[in-house]
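J.:
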Amino acid sequence: ALTDWTEAEPYVELGLGPAAPADAYEARSILAINLGMAAFFAGRWTEAVELYEEGRVNAQTMGNVTGAALASMNAAEVLLDQGHLERADAALGEVRRVLAAAGYAAALSYAELLMGVLALRQGDLERARTTLGACRRAFREGSMLLYALETELRLAEVDVCAGDLAAAEAIVDQVLVEAPALSRRAVVVARAQRLLGAIAHARGDSQAGVEHLRDAADTCRSGSLRFELAVTLAALDEVVDDPDARADAAAIFDELGVTERGRCVGLVRPISG
Numbered sequence: 309a310l311t312d313w314t315e316a317e318p319y320v321e322l323g324l325g326p327a328a329p330a331d332a333y334e335a336r337s338i339l340a341i342n343l344g345m346a347a348f349f350a351g352r353w354t355e356a357v358e359l360y361e362e363g364r365v366n367a368q369t370m371g372n373v374t375g376a377a378l379a380s381m382n383a384a385e386v387l388l389d390q391g392h393l394e395r396a397d398a399a400l401g402e403v404r405r406v407l408a409a410a411g412y413a414a415a416l417s418y419a420e421l422l423m424g425v426l427a428l429r430q431g432d433l434e435r436a437r438t439t440l441g442a443c444r445r446a447f448r449e450g451s452m453l454l455y456a457l458e459t460e461l462r463l464a465e466v467d468v469c470a471g472d473l474a475a476a477e478a479i480v481d482q483v484l485v486e487a488p489a490l491s492r493r494a495v496v497v498a499r500a501q502r503l504l505g506a507i508a509h510a511r512g513d514s515q516a517g518v519e520h521l522r523d524a525a526d527t528c529r530s531g532s533l534r535f536e537l538a539v540t541l542a543a544l545d546e547v548v549d550d551p552d553a554r555a556d557a558a559a560i561f562d563e564l565g566v567t568e569r570g571r572c573v574g575l576v577r578p579i580s581g
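Mapping the sequence shown onto our numbering, position 251 (from 1) lands on 559, and the numbers just tick up by one.
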């Protein structure tokens, strides 16, 4: 029930410390996973990964392989944004195997979305396009609008990286039309605005690019989206060489444990030509 980390943190020691029952596997798993989410939203990403791993181990020990896979998927999503691509890849391989065997279609589609992001971050645009395209269809067919729009923005990233700016812009424009239907839309809108900045900059219109990026930064701040803000500020620095934006982005990345700031963390630009 406690989603604020300062309130939830004491339960790490109470429920998972040496005085807690070591064989209470189900309770320890549920507690660790929920504490991991509290740590994640508090920007304590390294602790979140550790807690998700604790949840995975306890779920696995009691034979709840699906619960263990979901905990691993939570950890893999954080590891992706931290830049630990090899660790994320290894985790997602097992996650996909378990969720497919369990017939957990919705969770499997989200794991595939993360695999598409992984392929994008690795620069494998064709694999990213194929994987994300399948996810897009699954989310649309399942009426999961938030995930559908998130996937479509990733496909727009692929298009920008491939140099197809018109296709990327068409996707982003449609996402912005549908985004108001979401109750949690800040992250979708921020990513869309950042992509519009990347598209404008790639076309040589740096002024428009900066305006879109500043709009994205404002959206991130209003929605308390720390990682998205850092990515946006890094992009802004690439466009206009902004030392303040660069310093602020670096501070947030350090806070979140982002050690590998790869090509797709920052301004998305065409990689062909």
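Think of the CB as a built atom: it goes at the ideal place given N, C-alpha and C, for glycine as much as any other residue.
Can you give the beta carbon distance from L504 to V480, rounded, assuming they're within the 8 Å contact cut?
T.: Right, their Cβ atoms sit about 6 Å apart.
J.: Can you name the start and end residues of the alpha helix (DSSP H) that A509 belongs to?
T.: It is His, not Ala, that sits at residue 509 in the sequence shown. Looking at the DSSP string, the run of the alpha helix (DSSP H) that includes H509 is A494 to A510.
J.: Is it true that the CB of F447 sits closer than 7 Å to the CB of A436?
T.: No, the Cβ-Cβ distance between A436 and F447 is not below 7 Å.
J.: With DSSP run on the structure shown, which of helix, strand or coil describes Q430?
T.: Reduced to three states, the DSSP call for Q430 is coil.
J.: With distance defined between alpha-carbon atoms, name the residue in R364, C443 and L387 nearest to S417.
T.: S417 has its Cα closest to that of C443, out of R364, C443 and L387.
J.: Looking at A524 and I560, is the spacing between their C-beta atoms short of 7 Å?
T.: Contact flag unset, no.
J.: Within its chain, find whatever has a CB closer than 8 Å to the CB of Y312; leave out the 5 residues flanking it on each side and keep chain order.
T.: The sequence as given places Asp at residue 312; Tyr does not occur at that position. Here the set comprises A346 and A350.
J.: Can you give the Cα-Cα distance for S580 and Q430, rounded to whole angstroms?
T.: At S580 the pLDDT is 44, less than 50, meaning the model places this residue with poor confidence; the figure from the coordinates comes in the next sentence. If I take the Cα positions, the gap works out to 15 Å.
J.: Per DSSP, what kind of secondary structure is V320 in: helix, strand or coil?
T.: It is helical.
J.: Going along the chain, which residues of its own chain have a beta-carbon closer than 7 Å to the beta-carbon of Q515, five neighbours each way excluded?
T.: So no residue of the chain qualifies.
J.: Going by CA-CA distance only, name the one from R534, A309 and T354 that's closest to L339.
T.: When only C-alpha atoms are compared, the closest one is A309.
J.: Classify P326 as helix, strand or coil using the three-state DSSP reduction.
T.: In the structure shown, P326 sits in coil (DSSP, three-state: anything other than H, G, I, E or B).
J.: Which residues in the same chain have their Cβ closer than 7 Å to the Cβ of C528, if we skip the five residues on either side of it in sequence?
T.: Answer for C528: A498, E536, L537 and T540, listed in chain order.
J.: Helix or strand or just coil, what does DSSP make of V566?
T.: It is coil, neither helix nor strand.
J.: Given that a residue counts as buried once 16 or more other Cβ atoms are within 10 Å of its Cβ, and exposed if not, what is G375?
T.: Buried is the call here.
J.: Which whole-angstrom value describes the C-beta separation of R364 and A379, a residue pair presumed to lie in contact below a C-beta threshold of 8 Å?
T.: The pair is a contact, with the Cβ atoms about 4 Å apart (cut-off 8 Å).
J.: Does DSSP classify Y360 as helix, strand or coil?
T.: It is helical.
J.: Run through DSSP, which three-state label would N366 get?
T.: In this structure, N366 counts as helix in the three-state DSSP scheme.
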